[in-house]
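Numbering (the numbering used here), first residue to last: 1109 to 1490.
Below: the structure, in structure tokens.
Set out below in structure tokens:
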């Protein structure tokens, strides 16, 4: 297999030139030559025997050994960092979150200085990704992620570090925008993790919400009235609204105005299908509204750090005199899980509908070394 031998400092520019010309082997792995300062870039079969200027200054060599296909971004790191740096660290990130054409990655302090190289390697691995961002945690009352752009791919396919992207280009092209569109279980959703919290890792929970809603629809025998007062961009509602005759009316709200803007955009396609009311408000005040109190068959509560505190104020939103369903998510200390269940049983005292499932609390994933995200499902008859 033919490879172009280039100095490591010229690797990025050469990759770009070969990619633009269609001469870079798709899925090929960049190798380190016997001289550790040289890189071997695999050429596609369409590459000519002799490359034109300015690539003609580099030597084409044949590598007999089979070349493994890159399996992760780490296989691309040596295109942007020396072998010494790559081998000196063992704490390279092993996971990331993909949202549409964005990748969000957390970096340990020890390797934060190599963030741009990591981002470029991820862009090299994932051809459909536009922007890689560092996740610096959540901030503010709305728990919006603090995201730092690291590297992006231009419309021409060039991979650039943020320091090489001018503000004018970014403003004109939206290259560094955190607005994107995700597809989940066949549904499409506009999100912006830089303005409103969204996690793709809860997709299985949203599938479970759809299954539970279908069951409740069967129990009560008519389209559901669904209240989601912590809706964010609306990821839990889209699957419900996409099912014919499942939902008859929806109230969706959030306290974050940016989230409500996305929510309105995402629910627009369903406005003609059923009654939809969207609001920007404090959910704990809703039960004081006559038109809201006792009006809903299904209540979704996704404000994990405050769910247990908010439940007493919003539980009166559920209907009385018929089966209803609460699905909620809460971050709970593992040692406090049993006492939390006891408090919930006290809150639902005499209202649990054991025939249809009663109360269940299940850990869904680790949130920290001492905390778990729990799903709370309560079948009620108020």
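Here a beta-carbon is modelled for each residue, glycine too, at the ideal position from N, C-alpha and C.
None of these values were measured; they are calculated from a predicted model.
Figure out for me which residue from the options has the closest Cα to the Cα of residue i.
i            : options                   : result
residue 1325 : 1340, 1349 and 1275       : 1349
residue 1489 : 1481, 1465, 1479 and 1451 : 1465
residue 1236 : 1383, 1290 and 1339       : 1290
residue 1195 : 1206, 1203, 1205 and 1183 : 1183
residue 1219 : 1118, 1405 and 1201       : 1201
residue 1438 : 1428, 1461, 1425 and 1473 : 1473
residue 1385 : 1288, 1339, 1409 and 1427 : 1339
residue 1328 : 1142, 1458, 1430 and 1154 : 1430
residue 1450 : 1434, 1297, 1467 and 1247 : 1467
residue 1167 : 1254, 1179 and 1148       : 1148
residue 1359 : 1114, 1307 and 1335       : 1335
residue 1169 : 1114, 1481 and 1186       : 1114
residue 1155 : 1381, 1283 and 1127       : 1127
residue 1403 : 1332, 1443, 1453 and 1460 : 1332
residue 1234 : 1179, 1272 and 1271       : 1179
residue 1477 : 1447, 1461 and 1443       : 1443
residue 1507 : 1398, 1382, 1434 and 1310 : Lying before the first or after the last residue shown, residue 1507 is absent from the chain, which here runs from 1109 to 1490.
residue 1366 : 1249, 1283, 1118 and 1279 : 1249
residue 1379 : 1415, 1118 and 1355       : 1355
residue 1399 : 1357, 1432, 1419 and 1157 : 1357
residue 1137 : 1109, 1150, 1131 and 1144 : 1150
What separation, rounded to the nearest whole angstrom, lies between the Cα atoms of residue i and residue j?
i            : j            : result
residue 1401 : residue 1421 : 11 Å
residue 1165 : residue 1227 : 29 Å
residue 1189 : residue 1256 : 21 Å
residue 1483 : residue 1314 : 11 Å
residue 1485 : residue 1122 : 55 Å
residue 1425 : residue 1441 : 27 Å
residue 1417 : residue 1369 : 26 Å
residue 1086 : residue 1232 : Nothing about residue 1086 can be read from this structure; the chain reaches only from 1109 to 1490.
residue 1254 : residue 1181 : 23 Å
residue 1186 : residue 1205 : 22 Å
residue 1276 : residue 1261 : 16 Å
residue 1274 : residue 1258 : 14 Å
residue 1458 : residue 1390 : 28 Å
residue 1125 : residue 1203 : 29 Å
residue 1221 : residue 1193 : 11 Å
residue 1423 : residue 1394 : 10 Å
residue 1383 : residue 1268 : 46 Å
residue 1446 : residue 1481 : 14 Å
residue 1372 : residue 1388 : 11 Å
Applying the 10 Å Cβ sphere with the 16-neighbour rule, what's the burial state of residue i?
i            : result
residue 1159 : buried
residue 1161 : exposed
residue 1479 : buried
residue 1353 : exposed
residue 1264 : exposed
residue 1413 : exposed
residue 1427 : buried
residue 1377 : exposed
residue 1435 : buried
residue 1111 : buried
residue 1454 : exposed
residue 1120 : buried
residue 1229 : buried
residue 1396 : exposed
residue 1216 : exposed
residue 1405 : buried
Going by DSSP, which residues form a beta bridge with residue i?
i            : result
residue 1362 : 1388
residue 1470 : 1483
residue 1254 : For residue 1254, which the question treats as bridged, DSSP gives no partner whatsoever.
residue 1292 : 1295
residue 1410 : 1437
residue 1211 : 1206 and 1240
residue 1404 : 1426
residue 1168 : 1112
residue 1432 : 1488
residue 1179 : None; residue 1179 has no bridge partner.
residue 1267 : 1261
residue 1149 : 1112
residue 1415 : Per DSSP, none; premise fails for residue 1415.
residue 1355 : 1332
residue 1247 : 1252
residue 1383 : 1357
Return yes when the Cβ of residue j is within less than 8 Å of the Cβ of residue i, no when it is not.
i            : j            : result
residue 1374 : residue 1342 : yes
residue 1312 : residue 1302 : no
residue 1266 : residue 1238 : no
residue 1133 : residue 1152 : yes
residue 1246 : residue 1213 : no
residue 1223 : residue 1242 : yes
residue 1347 : residue 1295 : yes
residue 1116 : residue 1163 : no
residue 1410 : residue 1308 : no
residue 1299 : residue 1288 : yes
residue 1337 : residue 1320 : no
residue 1317 : residue 1452 : no
Closer than 7 Å: is that where the CB of residue i sits relative to any heavy atom of the ligand SAM?
i            : result
residue 1224 : The ligand content of the structure shown is nil, which means the ligand SAM is not present either.
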